[in-house]
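Under my numbering, the sequence shown is numbered contiguously, ending at residue 214.
Note that beta-carbon positions come from the ideal geometry of N, C-alpha and C, so glycine has one too.
What you are looking at is a predicted structure, and each value in this text was computed from that prediction instead of being measured.
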Amino acid sequence: MKPYLAKAAAAVAVIASVEWLCGWGRLFAWIEGVAKANDDSLAVFFVLMSVGCAFAFPLSLCYLFAGAAFGFWAGWGVCVAVLLVSSAIGYALGRFFMPEGVLRRMALRVGVSPDPSGSGMFNINFFVRVVPGIPYWIQNVVLGGMRPNFALYMGVNVAAQGAIAGAMNFLGASVSGGGPAKYAAFAVLIAVLAAFHACVNAFYKMRGK
């Protein structure tokens with residue numbers, strides 16, 4: 006436990022230092038400002054959001070801004086790329102900072118199997134990704150700390166958050182349009198997520214996991 010306490014102390018020190026030097030709010034405002042100033046550059050947006058969203062920049066702003074700045078398809082594509090990089094960073098942070106035993110015991114208490122690629126781990130990854138209110142960077146660190154199979158972790162993230170990104174990109178791209186059509190994306194989003202969850206659980210049931 007002592008190594009984890011030392012790591013936690015180091016993380017707190019870094020967070021406090023950034024807040025003291027410039028403030029997280031000001032830093033995120035700067036990231037958003039640079040992204041808006043370079044709204045013709047997918048590369049700049051990708052780099053800024055990949056790092057920013059890994060360290061608490063609001064993912065919803067990333068989705069909406071990408072749709073408004075680049076259109077639906079390009080915006081969705083760059084958001085999926087951001088998900089890949091930012092969640093990989095979060096996974097590494099979770100494995101480094103979070104004590105494995107504590108999180109696994111928490112998982113067992115809520116009925117989640119410790120099997121890193123089993124249906125229980127899939128379901129907890131899925132629900133953490135789709136239930137509103139949990140900041141994205143915390144999702145990454147906590148799920149990474151639970152040590153799921155990396156392919157499962159990344160696949161669920163890209164499928165679930167990728168679907169959410171598509172809906173919000175569509176909303177951002179059509180924000181100036183009128184009528185209710187732009188909100189149909191959220192009905193499609195719910196249907197896609199429900200189908201994805203049902204299909205994967207059916208697959209696990211067939212495999213007996």
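Rounded distance between the beta-carbons of residue j and residue i, thought under 8 Å
i: V90; j: L47; result: Their Cβ separation, rounded to whole angstroms, is 14 Å, which puts V90 and L47 out of contact at 8 Å.
i: A190; j: A164; result: A190 to A164, Cβ: 16 Å. No contact.
i: R100; j: G149; result: 5 Å
i: G177; j: L88; result: With a Cβ gap of about 16 Å, G177 and L88 do not count as contacting.
Cβ-heavy atom distance, residue i to the ligand COA, below 7 Å
i: S179; result: The model depicted lacks the ligand COA and carries no ligand whatsoever.
Status (buried if at least 16 other CB within 10 Å, exposed otherwise) for residue i
i: L53; result: buried
i: G38; result: exposed
i: W78; result: exposed
i: A203; result: exposed
i: L113; result: exposed
i: I195; result: exposed
i: G213; result: exposed
i: F208; result: exposed
i: M211; result: exposed
Where the alpha helix (DSSP H) through residue i begins and ends
i: F191; result: 189-212
i: A61; result: That residue, A61, is in no alpha helix (DSSP H); it is neither H nor E in DSSP.
i: M159; result: 155-178
i: R134; result: 124-135
i: I143; result: 141-150
i: S46; result: Counting along the chain, S46 falls outside any alpha helix (DSSP H), and DSSP gives it neither H nor E.
i: G82; result: 77-102
Where residue i sits in the DSSP three-state scheme
i: G116; result: coil
i: G138; result: coil
Original post:
Are the region 50-69 and the region 132-144 touching by the rule of at least three beta carbon pairs closer than 8 Å?
Top reply: yes
**OP:** Could you tell me whether the region 154-166 touches the region 88-103, using the rule of 3 or more Cβ pairs below 8 Å?
**Re:** yes
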